[in-house]
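I have placed the structure first, in the form of structure tokens, so that the comments after it can refer back to it.
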Amino acid sequence: YNHFPRNLKWQNNEVTFRILNYTPDLKKTDVDRAVRNALNVWSDVTPLTFKKLHQGNADIMISFGSKEHGDYNPFDGPNGLLAHAYPPGQGIGGDTHFDEDEHWTKDSSAYNLFIVAAHELGHALGMSHSADPGALMYPVYSYTTGYPLAEDDIEGIQALYGPNPNPRKVKPKPDAPNKCDPMLSFDAVTELRGETIIFKDRFYWRLHPQMPEPEQTLIKSTWPSIPNKVDAAYENPEKDVVMIFSGIRMWALNGYNLVDGYPKYIHKLGLPKKIRKIDASVYIRDTGKTLLFTDEDYWSYDEATGTMDSGYPRSIEEDFPGMDDEIDAASYHYGYLYFFHEHMQYEYSYTSRKVIRIMRTNSILNC
Amino acid sequence: VPLPSEDKDDLLLAEKYLRRFYGLPAGLQGRQRSSVAFQSKIKEMQKFFKLKVTGNLDDNTLDLMKQARCGVPDIGE
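Below, the structure written as structure tokens:
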């Protein structure tokens, strides 16, 4: 998290605000509720209280305007700049402006007013931008559901105002995982049109042969319709589809798009009802089979016929000597299977039927 | 060699972005000095967003500059 220079903050914990005008995109009551909920996000974790004024000068004056709107800090039409706010202080200090040329909504169909308001009011209280992509104070817009503050945001605002003396139980989002954390484990690994996608918590890293640095992004900012937590994933390149597994459901993605008819239950693949989760999955290009790992066992699914091969489940330990532990994620490259378990990855050779190399899980992330 | 028009658009977008969010000085300061300032501001932005710090206007950096965002600068006053 960052603060503004000189740690600008309100000296009084009772802060006033006033909504000067409204966007026609939403009902007046929706705008009032979005602003109030956005203020509550910050009052939940600090001693701050917010009092609404209906006339006169408030600490935080909230308004909608387009292009040049009176502060010589013009907006730019649709997209691009969505809103801005000024740090605590007299006059324009604390004032918060929304770009009326954006389409403001209550859901994820366009720019969500509550999410943008919560971010801008963070500025109005003294927070500057955070470099944590999972933080509310990260400068780039992304739609998320649930409680918007991450631990990073809470630490930042409490460094200015202290904690809420009567805290209400809130569940902050964990910070973005650090790719070079030596104890890092993966949730799932898959290929996607020549790139490697690695899922961890609410995020995924994207590895591209010509991109030296993995790129970390929120899952929901690319695929809003899949869950925040992925158990397993694999790509069927012939169909140009990536299968995502979470709990007892599975999603089929074609690039950014969800294939019609999904999500479906994983039991449609032929798994017994007692299976409630898939740990890892991998498509073996040479055989056209997809291996699905659950606890100590694994299944083989024939992509061409769309059926589960008979004689499964089989024991992972028996068929993959050297792999006597559960598997978090799996991938396959040129005759080698890569099993990821906690902070280690095991390179297994199909031809010599043994583990031939053990590395750190995040060595794939240039760590 | 003249830049193809698309590159020129990207360059203008990048200059505007860095001027607004990273304090790139406005106006003409002589070719050499402005390109040094330009590169150092790109590095600052790449560092902030945890991109590979190259000082070059690569695809990743440009992609990020085109995303919808808050109008408050990322650094400084």
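Chains A and B supply the protein sequences, listed in that same order. Count along the first sequence from 1, add 791, and you get the number used in our numbering. Count along the second sequence from 1, add 33, and you get the number used in our numbering. All C-beta atoms in this analysis are idealised placements derived from N, C-alpha and C, irrespective of residue type, glycine included. Quantities reported herein were computed from a predicted structural model and do not represent experimental measurements.
Return yes when the Cβ of residue j is within less than 8 Å of the Cβ of residue i, no when it is not.
i                       : j                       : result
residue 1045 of chain A : residue 1031 of chain A : yes
residue 59 of chain B   : residue 95 of chain B   : no
residue 1132 of chain A : residue 1117 of chain A : yes
residue 876 of chain A  : residue 914 of chain A  : yes
residue 1008 of chain A : residue 924 of chain A  : yes
residue 917 of chain A  : residue 798 of chain A  : yes
residue 1128 of chain A : residue 1073 of chain A : yes
residue 980 of chain A  : residue 904 of chain A  : no
residue 941 of chain A  : residue 990 of chain A  : no
residue 1140 of chain A : residue 1149 of chain A : no
residue 952 of chain A  : residue 839 of chain A  : yes
residue 976 of chain A  : residue 1152 of chain A : yes
residue 932 of chain A  : residue 102 of chain B  : yes
residue 1022 of chain A : residue 1069 of chain A : yes
residue 1054 of chain A : residue 1042 of chain A : yes
residue 107 of chain B  : residue 54 of chain B   : yes
residue 943 of chain A  : residue 792 of chain A  : yes
residue 890 of chain A  : residue 912 of chain A  : no
residue 835 of chain A  : residue 993 of chain A  : no
residue 1089 of chain A : residue 1107 of chain A : yes
residue 1011 of chain A : residue 1037 of chain A : no
residue 85 of chain B   : residue 1003 of chain A : yes
Starting from residue i, follow the alpha helix (DSSP H) in both directions and report where the run begins and ends.
i                       : result
residue 1142 of chain A : Taken as a continuous stretch (DSSP letters only), residue 1142 of chain A belongs to no alpha helix (DSSP H), as it is neither H nor E.
residue 916 of chain A  : 904-916
residue 822 of chain A  : 819-834
residue 1125 of chain A : No alpha helix (DSSP H) contains residue 1125 of chain A, which DSSP labels as neither H nor E.
residue 983 of chain A  : Per DSSP, residue 983 of chain A belongs to no alpha helix (DSSP H); it is in the beta strand (DSSP E), 979-983.
residue 998 of chain A  : Unbroken run through residue 998 of chain A is the beta strand (DSSP E), 994-999; no alpha helix (DSSP H).
residue 94 of chain B   : 92-98
residue 1110 of chain A : 1107-1110
Residue i by DSSP, collapsed to three states: which one?
i                       : result
residue 1013 of chain A : helix
residue 884 of chain A  : coil
residue 928 of chain A  : coil
residue 1076 of chain A : coil
residue 808 of chain A  : strand
residue 1134 of chain A : coil
residue 859 of chain A  : coil
residue 794 of chain A  : strand
residue 49 of chain B   : helix
residue 79 of chain B   : helix
residue 952 of chain A  : helix
residue 72 of chain B   : helix
residue 969 of chain A  : coil
residue 890 of chain A  : strand
residue 990 of chain A  : strand
residue 1084 of chain A : strand
residue 854 of chain A  : strand
residue 1147 of chain A : strand
residue 87 of chain B   : coil
Alpha carbon to alpha carbon, how far is residue j from residue i? Give it in angstroms, no decimals.
i                       : j                       : result
residue 864 of chain A  : residue 800 of chain A  : 22 Å
residue 34 of chain B   : residue 982 of chain A  : Any reading at residue 34 of chain B must be qualified, since the residue scores a pLDDT of 43, below 50, and its modelled position is unreliable; no value is offered.
residue 954 of chain A  : residue 906 of chain A  : 22 Å
residue 88 of chain B   : residue 970 of chain A  : 22 Å
residue 795 of chain A  : residue 885 of chain A  : 12 Å
residue 897 of chain A  : residue 997 of chain A  : 30 Å
residue 44 of chain B   : residue 50 of chain B   : 10 Å
residue 36 of chain B   : residue 68 of chain B   : Confidence is the limiting factor: at residue 36 of chain B the pLDDT is only 49, short of 50, which leaves the residue's position unreliable and the question unanswerable from this model.
residue 1101 of chain A : residue 1092 of chain A : 9 Å
residue 742 of chain A  : residue 104 of chain B  : As shown, chain A starts at 792 and ends at 1158. That puts residue 742 of chain A outside it, with no answer to give.
residue 972 of chain A  : residue 859 of chain A  : 45 Å
residue 1145 of chain A : residue 1104 of chain A : 20 Å
residue 853 of chain A  : residue 78 of chain B   : 29 Å
residue 1060 of chain A : residue 1018 of chain A : 20 Å
residue 1095 of chain A : residue 80 of chain B   : 46 Å
residue 1112 of chain A : residue 1076 of chain A : 21 Å
residue 1058 of chain A : residue 1033 of chain A : 18 Å
Between which two residues does the beta strand (DSSP E) carrying residue i extend?
i                       : result
residue 1025 of chain A : 1023-1027
residue 941 of chain A  : Per DSSP, residue 941 of chain A belongs to no beta strand (DSSP E) and is neither H nor E.
residue 1032 of chain A : 1032-1037
residue 1088 of chain A : 1088-1093
residue 1041 of chain A : 1040-1045
residue 964 of chain A  : No beta strand (DSSP E) contains residue 964 of chain A, which DSSP labels as neither H nor E.
residue 837 of chain A  : Where residue 837 of chain A is concerned, there is no enclosing beta strand (DSSP E), given that its DSSP letter is neither H nor E.
residue 1065 of chain A : First-last for residue 1065 of chain A: undefined, no H or E at that position.
residue 108 of chain B  : It is not in any beta strand (DSSP E) - residue 108 of chain B carries neither H nor E in the DSSP assignment.
residue 101 of chain B  : Per DSSP, residue 101 of chain B belongs to no beta strand (DSSP E) and is neither H nor E.
residue 1058 of chain A : Element bounds for residue 1058 of chain A: n/a, residue is neither H nor E.
Verify the CB distance criterion: does residue i have a CB-CB separation below 8 Å to chain E?
i                       : result
residue 1003 of chain A : The structure shown has no chain E; the protein chains it does contain are A and B.
Counting Cβ pairs, one atom from each stretch, are 3 or more of them under 8 Å apart for the segment 956-975 of chain A and the segment 804-823 of chain A?
-> no
Can we say the segment 824-843 of chain A touches the segment 864-877 of chain A, given the rule of at least three CB pairs closer than 8 Å?
-> no
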